[in-house]
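Going down the list, the sequences are from chains A and B. Reminder that position 6 of the first sequence reads as 5 in numbering that gives the first Met the number 0, one-by-one numbering, no gaps. Reminder that position 187 of the second sequence reads as 186 in numbering that gives the first Met the number 0, one-by-one numbering, no gaps. Shown next, in structure tokens, is the structure this report addresses.
Protein chains: 2
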Amino acid sequence: MGTKIVEPEAGPRSKRAAILAAAVDCFGETGFEATKWSTVAERVGIGQTALYHYFESKTHCLLTIMRLELQRSHDKFTEATADAAEPVEALRAAVRAAYDVSDQEVLQMRILQNHMDLLSGPRKSKREEAERVAARQLVQLVERDWTNLLVRGMSQGAFPLRDAQLLGSSVLGLIVSVWRWYRPSGPTPLSEVSELIEGACVRMVAT
Amino acid sequence: MGTKIVEPEAGPRSKRAAILAAAVDCFGETGFEATKWSTVAERVGIGQTALYHYFESKTHCLLTIMRLELQRSHDKFTEATADAAEPVEALRAAVRAAYDVSDQEVLQMRILQNHMDLLSGPRKSKREEAERVAARQLVQLVERDWTNLLVRGMSQGAFPLRDAQLLGSSVLGLIVSVWRWYRPSGPTPLSEVSELIEGACVRMVAT
DNA sequence: GATCAACCTGAGCCAAGTTCAATTCAGTTT
DNA sequence: AAACTGAATTGAACTTGGCTCAGGTTGATC
């Protein structure tokens, strides 16, 4: 069951963090397929083969990024909804938390959304598969986060009764669909997006 | 401006259609990157190099599939909303139309969603770039379809005034987010999805 | 039955991810 | 300080899969 991945503790001259950061930049801006693995190495300042000391493959690195982002999302949701007794207020807080992100995290969300499909099929190598399973589990966790929020609101009479599973996926889908088009440099500030979606979610769920 | 792509008229022994169909199956089930171009050839019953008689590259084929699906979506929207005077009724009709699809079209929508990011950057070769631009244009068309529907409803007093652009993207995002997880063989019938989303959209827009 | 364009193929090229054996480096032991 | 150790790194070679090329086949049309 919940086999948690032990984060490789960073030796003092480990470049794992630097590689992850560079990879997020590259994969986020250029796209995973379009960025050459060797470019990431260059940006970090090491030869391409040195990457394989830290990651089994380009995909393994991608999966790691995705898992970390999912972990962050789940944690943030939990933290944001912890002290909100009222269901509607909890929903609002959850949505706001979802859009309270740094530019780096925007990239990570984009990467995550663009490669969700990787999580369905099994992977060949051990460590890749481990990351995939962990990520897949986190996806279910996040989905449960939202569904539970809805179930609570429904049983409490704050939300009309509906298929909480399906509605939860839809709310989540609505929220994350933003990361496909949003750019920090774009014309629409994230605060505006956040407000509109917050209202939309409340209307969708609580009307 | 609107440079429409002339569909290569099918010579009598052309296998273009068969290739597209096979590619939709493969790309949809296995994923674009994961399917070998040669597998598509096999399934059609020709050598891999014969594919290049019809498509400049694997990506060119993908872009074509995406463009065709976008064209279909746009047409279907137009047809569905043509004879609906009432904005709310038009919205409902549009949502229902979006989910009135064959299994093959489900795959096409999935492919489209999973590779939207391809449409942002320019392509190297001529024909690929042509498809990309055409697709990109169609995306904007479809977005305008939805925003216009909202604008009409707002100016008519049927919907409260909100940022129609942003709300339109969100509605569209909500609708298409389904194709990430929906499987015809899955537990949830599409009719159920359609009903829930239809309600959700109306609440989101018309409340 | 010659012609021409559409259609197809085998052989091989090339880019990018990956493997591997060998080397450097920093800190620890003796 | 010399020897040792494991983490970090590298150049060279291997593999895979998309793609090019130079030519061959088919069949509709005249």
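Ideal placement from N, C-alpha and C gives every residue a C-beta, glycine not left out. All values derive from a computational prediction rather than experimental measurement.
{"Asked": "Selection from B:198, B:94 and B:182 that minimises the alpha carbon distance to residue 103 of chain B", "Found": "B:182"}
{"Asked": "C-alpha gap between residue 124 of chain A and residue 56 of chain A, whole angstroms", "Found": "9 angstroms"}
{"Asked": "Neighbour flag for residue 132 of chain B against chain A, beta carbons, 8 angstroms", "Found": "no"}
{"Asked": "Simplified DSSP state of residue 9 of chain A, which is helix, strand or coil", "Found": "coil"}
{"Asked": "Simplified DSSP assignment, three categories, for residue 37 of chain B", "Found": "helix"}
{"Asked": "From B:31, B:150 and B:175, residue whose alpha carbon lies closest to that of residue 64 of chain B", "Found": "B:31"}
{"Asked": "Nearest-angstrom beta carbon gap, residue 25 of chain B and residue 39 of chain B [assumed within contact, 8 angstroms]", "Found": "5 angstroms"}
{"Asked": "Alpha-carbon spacing of residue 70 of chain A relative to residue 137 of chain A, whole angstroms", "Found": "7 angstroms"}
{"Asked": "Where the alpha helix (DSSP H) containing residue 106 of chain B begins and where it ends", "Found": "102 to 113"}
{"Asked": "Residue range of the alpha helix (DSSP H) that includes residue 128 of chain A", "Found": "125 to 154"}
{"Asked": "Nearest-angstrom beta carbon gap, residue 110 of chain B and residue 53 of chain B [assumed within contact, 8 angstroms]", "Found": "The pair is not a contact, with the Cβ atoms about 18 angstroms apart (cut-off 8 angstroms)."}
{"Asked": "Anticipated Cβ contact below 8 angstroms, residue 169 of chain A with residue 199 of chain B, distance rounded", "Found": "6 angstroms"}
{"Asked": "Buried versus exposed call for residue 33 of chain B [16 or more other C-beta atoms within 10 Å across all chains shown]", "Found": "exposed"}
{"Asked": "At least 3 beta-carbon pairs within less than 8 angstroms: the stretch 142 to 160 of chain A vs the stretch 70 to 90 of chain A", "Found": "yes"}
{"Asked": "Cut-off 6 angstroms between Cβ atoms - residues of its own chain near residue 60 of chain B, not counting five sequence neighbours on either side", "Found": "22 and 54"}
{"Asked": "Residue 161 of chain B to residue 106 of chain A span [Cα, whole Å]", "Found": "28 angstroms"}
{"Asked": "Exposure of residue 12 of chain A, with buried meaning 16 or more beta-carbon neighbours within 10 Å", "Found": "exposed"}
{"Asked": "Nonlocal neighbours in the same chain, by C-beta distance under 6 angstroms from residue 178 of chain A, ignoring five residues either side", "Found": "108, 109 and 112"}
{"Asked": "Proximity test, Cβ basis, 8 angstroms: residue 162 of chain A and chain B", "Found": "yes"}
{"Asked": "Neighbour list for residue 196 of chain A in chain B, Cβ cutoff strictly below 8 angstroms", "Found": "169"}
{"Asked": "Own chain, CB closer than 7 angstroms to residue 9 of chain A, minus 5 neighbours either side, in chain order", "Found": "15 and 16"}
{"Asked": "Partner residues on chain B for residue 30 of chain A, Cβ-Cβ distance less than 9 angstroms", "Found": "116, 117, 119 and 120"}
{"Asked": "Within 8 angstroms, strictly: CB atoms of residue 76 of chain A and residue 49 of chain A", "Found": "no"}
{"Asked": "Same chain, Cβ closer than 8 angstroms to residue 114 of chain B, neighbours up to 5 away in sequence not counted", "Found": "31, 61 and 65"}
{"Asked": "Sub-8 angstroms separation of residue 128 of chain B and residue 121 of chain B beta-carbons", "Found": "yes"}
{"Asked": "Best match in B:45, B:35 and B:80 for proximity to residue 58 of chain B [C-alpha to C-alpha]", "Found": "B:35"}
{"Asked": "Under the three-state DSSP convention, the category residue 50 of chain A falls into", "Found": "helix"}
{"Asked": "Residue interval of the alpha helix (DSSP H) (run including residue 24 of chain B)", "Found": "15 to 29"}
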